[in-house]
Each structure stands twice: as structure tokens, then as C-alpha cells.
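Asker: Counting from 354, one number per residue, gives the positions in the sequence shown under our numbering. Idealized CB from N, CA, C, for every residue including glycine. Please find one structure pasted underneath; my questions will follow.
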Amino acid sequence: MEKQRLIGFAEALRSRLNYFYELENASTSFYSQTMNIGNEQFLPLLKRLDDCILYVENNPLYAESAVYLVKFRQLQSRALGMIRSHVLSTLKAASSQVQAAIRGSGSGKNAVTEGVEASLIYVRFKAAAGELKPVFNEIESRSSKKEYAQILSECHSLFCEQRLYLIRGTVQQRISEFAKKEALPSFTRSGCAYLMEVMPV
């Protein structure tokens with residue numbers, strides 16, 4: 354009976370210490386040259402890191418828990434920085450693809466104003482940036498934590514900045530065309546209708 358009790362105690366202790374042992378594994382993984390957002394281990398490792406942070410936060414009396422918490426948070430900051438960099442590079446690549454498609458159309462801005470912006474700007478950008486959805490979903494699921502709420506806000510801002518960069522000139526040109534051709538009431542209706550088409554995408 355005493356042996357079983359000791360075995361149970363050892364297993365319980367091991368399960369608690371595993372959270373601290375995870376620091377070395379997480380450090381090795383997140384500082385590896387091969388680790389990136391596309392790595393299938395990235396999100397599970399991030400989840401495990403969050404679990405470790407939560408456990409250490411809830412057990413501040415453990416020896417060196419404060420030291421471990423600082424190191425875990427440093428790794429979390431690194432991981433979230435990797436996410437931000439990945440989002441930015443993906444969106445910039447999507448913008449470049451759209452711009453190349455517009456130039457390749459051979460008609461420049463005139464083609465855009467004639468209606469092909471839906472395919473060249475909106476649809477293609479949305480498709481190119483679609484790979485970010487799993488990452489966004491993962492961040493949104495943890496947005497109750499301030500670190501994730503902040504990175505989610507930053508990612509949304511990056512998305513909007515790149516979209517604005519692409520559509521600003523086209524929207525300004527289209528609104529100017531409405532203003533030249535239509536009276537104020539009609540211009541207001543046309544302008545609002547056009548902006549409604551732009552905003553949901």
C-alpha cells in the first residue's frame with residue numbers, strides 16, 4: 354500500500370514538473386531555424402506554451418516559478434512576433450500578386466474602373482490571403498488573453514492597411530467619376546452603393 358502511495362506521489366510530482374521541463378523543449382523549438390508558422394508543430398507548441406504559462410501563474414509558490422514565467426513569456430513574445438511577421442509578409446505578397454495582375458491586364462487603371470477590380474483586387478487578394486485564416490482563428494480563440502487580443506488587433510490593422518493600399522486609388526477614382534456624372538442625390542446613392550460593395554470584402 355505504501356509503495357502504491359509513493360508511486361502515485363511520484364507520478365503526480367512528475368506531471369507537475371513536466372510544465373517546467375517543457376521550457377527547454379519550447380526554447381529549442383521556437384529558436385530552431387526550421388520553425389515557422391507553416392510548421393505543423395507551431396500551433397500545438399504555442400498551445401502547450403500557453404498551458405505552461407497558465408500553470409506557472411497559478412502556482413507562484415513553486416521554486417523559481419517567477420524565473421520560469423519570465424522565460425515562458427519571452428518565448429510567447431517570440432512566437433507572437435513570428436505570427437505578426439508571417440501575416441505581414443503574406444499580405445504583402447498578396448498585394449504584389451494583385452498589382453502584378455493589374456499590370457499584366459495591359460489596361461492599367463482603366464480596366465480597373467471598368468469592373469475588373471472585383472477579380473483583380475478583391476477576389477485574388479482574398480484568395481492569396483486565405484492561408485492566414487487558420488492562424489487568425491487560432492488567435493481569435495485565445496483573444497480573451499491580452500497578448501492575443503493585441504496581436505489580433507495588429508493583424509487586423511495590417512490586413513486593412515494592405516487592402517487600403519490596393520483599393521485607395523481605385524475608390525478615389527470611382528467616386529470622382531460619380532461626382533462628375535451625377536447630381537448630388539444620385540451621387541450619394543451611387544457612392545454609398547459602391548462603398549457597400551467595397552467594405553464587406
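(1) How would you write the range of the alpha helix (DSSP H) that T523 sits in, first residue to last?
(2) Going by DSSP in three states, N371 sits in which element: helix, strand or coil?
(3) Could you work out which residue in E484, S448, M388, Y501 is closest to D403 when comparing CA atoms only?
(4) Whose CA, out of K533, A432, C405, lies closest to the CA of V555?
(5) Going by DSSP in three states, Q386 sits in which element: helix, strand or coil?
(6) Classify V476: buried if its beta carbon has 16 or more other beta carbons within 10 angstroms, exposed otherwise.
(7) Roughly how many whole angstroms lie between the Cα atoms of E493 and G391?
(8) Output the boundary residues of the alpha helix (DSSP H) element that contains I495.
(9) Taking the alpha helix (DSSP H) that E410 falls in, what are its first and last residues?
(10) Where does L414 fall in DSSP's three states?
(11) Helix, strand or coil for N561? Go by DSSP, reduced to three states.
(12) Can you list, in chain order, the residues of its chain whose CB lies under 6 Å from that of Q515, leaving out five sequence neighbours each side?
(13) Among the candidates C513, R437, R401, whose CA atom is the shortest distance from the CA of I504?
Answerer: This is what the structure gives:
(1) 499-534
(2) helix
(3) Y501
(4) For the chain, the structure presents residues 354 to 554; residue 555 sits outside this window and is missing.
(5) coil
(6) exposed
(7) 18 Å
(8) Looking at the sequence provided, one finds Arg at residue 495 rather than Ile. Counting along the chain, R495 falls outside any alpha helix (DSSP H), and DSSP gives it neither H nor E.
(9) 395-411
(10) coil
(11) Any question about residue 561 goes unanswered here, given that the chain covers just 354 to 554.
(12) L444, S448
(13) R437
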